[in-house]
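A.B. asks: Structure below; questions to follow.
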Amino acid sequence: PVGSAESLVAHLATLPDDLVEIAITQFAQLKQHGHILAEGRMKRRDGSRVPVELNTVRLPDGNLFGACRDISDRRAVESDLRLRNEELEAFNRAAVGREVVMIELKQRINALSRQLGQEPPYPLAFIDEAAKSPGEGGAA
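Rendered as structure tokens:
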């Protein structure tokens, strides 16, 4: 019967072993939705492994049509983007940490200036405003 496990097994006989595992694990989705888009790894003729995307649909007559494509370039770009994002997050943590320290130092200098009867040199009213309205992007 079309759409059965037996039908899938018959179709799997023509797939490389690596894709058989993907297809079997995705069979329920294929049966329910008539389509799967999955990623896995395939072995090349030279023995090296390559990341692939398997796109399979059930045709109106019940047969399956699948296409497999090499996604090595996409994976490399994704990896590069993850690395760049991690670097930006580290920079952001350092920059924010530095700004917090700078504000604390300015607050101490302003307090010392007041103790000496001098006008505080650093305008820090934005801190008080931010503390009063935490829903508007300020810190509580």
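If you're matching positions, the sequence shown starts at 219 in this note's numbering and goes up one per residue. Idealized CB from N, CA, C, for every residue including glycine.
#1: For leucine 282 and valine 270, what's the separation of their Cα atoms in angstroms?
#2: Mapping the DSSP letters down to three states, classify leucine 342 as helix, strand or coil.
#3: Applying the 10 Å Cβ sphere with the 16-neighbour rule, what's the burial state of glycine 258?
#4: To the nearest angstrom, report how far apart glutamine 250 and asparagine 303 are at their CA atoms.
#5: Are there three or more Cβ pairs, one per stretch, closer than 8 angstroms when the segment 254–268 is compared with the segment 278–292?
C.D. replies: This is what the structure holds:
#1: In the sequence shown, the residue the question calls residue 282 occupies position 64. In the sequence shown, the residue the question calls residue 270 occupies position 52. Rounded to whole angstroms, leucine 282 to valine 270 spans 18 angstroms at the Cα level.
#2: On the sequence shown, residue 342 is found 124 positions in, with the first residue counted as 1. The answer is coil: DSSP assigns leucine 342 none of H, G, I, E or B.
#3: The count along the sequence shown starts at 1 and reaches residue 258 at position 40. When all chains shown are included, glycine 258 counts as buried.
#4: Locating residue 250 in the sequence shown gives position 32, counting from the first residue. Locating residue 303 in the sequence shown gives position 85, counting from the first residue. Computed Cα separation, rounded: 37 angstroms.
#5: Using a C-beta cut-off of 8 angstroms, the segment 254–268 makes contact with the segment 278–292, since at least three inter-stretch Cβ pairs fall below that distance.
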